[in-house]
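S.K.:
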Amino acid sequence: MMSAFPKSKSSGLFWLIGLVVVLILCSVLIHPFGPGKRESSPEPLMEGISIDARRHGIIGRSCQNCHSEKTQWPWYSYIARVSWMIESDVSRARSHLNFSRWEGYPTERRLAFLDEISVMISARSTPPWRYLLMHREAKLSNTDIEQVSQWARAERYRLRSTATSSIGRSWSYDSSGVL
Ligand code: HEC
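Under the working numbering, think of the first position of the sequence shown as 5, with each following residue one higher.
1. Please find out if some non-hydrogen atom of the ligand HEC comes closer than 8 Å to the beta-carbon of P132.
2. Where does S174 sit, in a helix, a strand or coil, going by DSSP?
3. Determine the direct distance from the alpha carbon of D93 to that of S153, and round the result to whole angstroms.
4. Closer than 8 Å to a non-hydrogen atom of the ligand FAD - does that hold for the CB of R96?
5. Rounded to whole angstroms, what's the CA-CA distance from L101 to T147? Just pull it up for me.
6. For S72 versus F117, is the C-beta spacing smaller than 9 Å?
7. Roughly how many angstroms lie between the CA atoms of G108 and A84, to the nearest whole one?
8. Taking all protein chains shown into account, do 16 or more other C-beta atoms lie within 10 angstroms of the C-beta of E112, making it buried, or fewer, making it exposed?
9. Can you round the beta-carbon distance between A142 and R59 to whole angstroms, since I take them to be within the 8 Å contact cut?
10. Buried or exposed: which applies to Q76, given that a residue is buried once 16 or more other Cβ atoms fall within 10 Å of its Cβ?
11. Leaving out five residues on either side along the sequence, give the residues of the same chain with a beta carbon under 8 Å from the beta carbon of L20.
12. Is the Cβ-Cβ distance between G38 and S95 less than 9 Å?
13. Going straight from the alpha carbon of S1 to that of E43, what length do you get?
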């Protein structure tokens, strides 16, 4: 008795093929967390942000897969139910913060994000640990965290000063009496 299926070889094969077909159908047809895989953006990451190449690299390596529309979907992200877990993470991450839509956020929101980025990475709350199990390259070193936090502070400062100067401009325009 070599067969793993006690009844007969052919009924075992029948069930196996059935299982594979169901798995494929589930993977292709069912996406409880929305059409995340179809949303892919050719735009550069973080349009409108001022950042140097090294820090841009850190965010590309550690954050972009979830917090942007430049996700690289590994082969196992196409197989239910793993695919649903991954799609759920990506859809939640994008709904919180999407670097592909950075320019579309109001200034106040961008300022808050820059603050949250430092808080979240310093507490190692994100990237989530289960993601790091499969993506060791995304793990942030202490130097990475320090450098990104420093950059986030500087970018907040830059953003705030450009925002106030443009508020100043529109105010003086209004008060000039023209129009
Ligand atoms: C595996 C996907 C994944 C990766 C990679 C990832 N995050 Fe997240 N992140 C999430 C999810 C999911 C949330 C939503 C909070 C939650 O439900 O835990 C989140 C929340 C956040 C928040 C809070 C946003 C808010 O509005 O409260 C910030 C900021 C953040 N992440 C920044 C980053 C940064 C910076 C990196 C890279 C260093 C990163 N994340 C990498 C999945 C990810």
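C-beta atoms are modelled at their ideal positions from N, C-alpha and C, and glycine is treated no differently.
M.R.: According to the data block:
1. Mapped onto the sequence shown, residue 132 falls at position 128. Taking 8 Å as the cut-off, the C-beta of P132 counts as close to a heavy atom of the ligand HEC.
2. Residue numbering aside, residue 174 sits at position 170 when the sequence shown is read from its first letter. Because S174 carries a pLDDT of 47, less than 50, the predicted location of this residue cannot be relied on, and no value is offered for it.
3. In the sequence shown, the residue the question calls residue 153 occupies position 149. In the sequence shown, the residue the question calls residue 93 occupies position 89. If you draw a straight line from the Cα of S153 to the Cα of D93, it comes to about 23 Å.
4. The ligand FAD is absent from the structure shown, which contains only the ligand HEC.
5. Along the sequence shown, read from residue 1 onward, the residue named residue 101 stands at position 97. Along the sequence shown, read from residue 1 onward, the residue named residue 147 stands at position 143. Approximately 23 Å between the Cα atoms of the pair.
6. Here residue 72 refers to the residue found at position 68 when the sequence shown is read from its first residue. Here residue 117 refers to the residue found at position 113 when the sequence shown is read from its first residue. Result no, Cβ atoms of S72 and F117 do not sit closer than 9 Å.
7. Start at 1 with the first residue of the sequence shown, and residue 108 comes out as number 104. Start at 1 with the first residue of the sequence shown, and residue 84 comes out as number 80. One C-alpha to the other measures close to 33 Å.
8. In the sequence shown, counting from the first residue as 1, residue 112 sits at position 108. Answer is exposed; the Cβ neighbour count stays below 16.
9. Reading the sequence shown from its first residue, position 138 is the one you call residue 142. Reading the sequence shown from its first residue, position 55 is the one you call residue 59. Actually they do not touch by this definition, with Cβ atoms about 15 Å apart.
10. Working through the sequence shown from its first residue, we reach residue 76 at position 72. The residue in question, Q76, is exposed, as its Cβ has fewer than 16 Cβ neighbours within 10 Å.
11. For this step, residue 20 is matched to residue 16 along the sequence shown. So no residue of the chain qualifies.
12. On the sequence shown, position 34 is the one that residue 38 refers to. On the sequence shown, position 91 is the one that residue 95 refers to. Yes, these two residues count as a Cβ contact at 9 Å.
13. Because the chain is modelled from 5 through 183, residue 1 falls outside the range shown and cannot be assessed.
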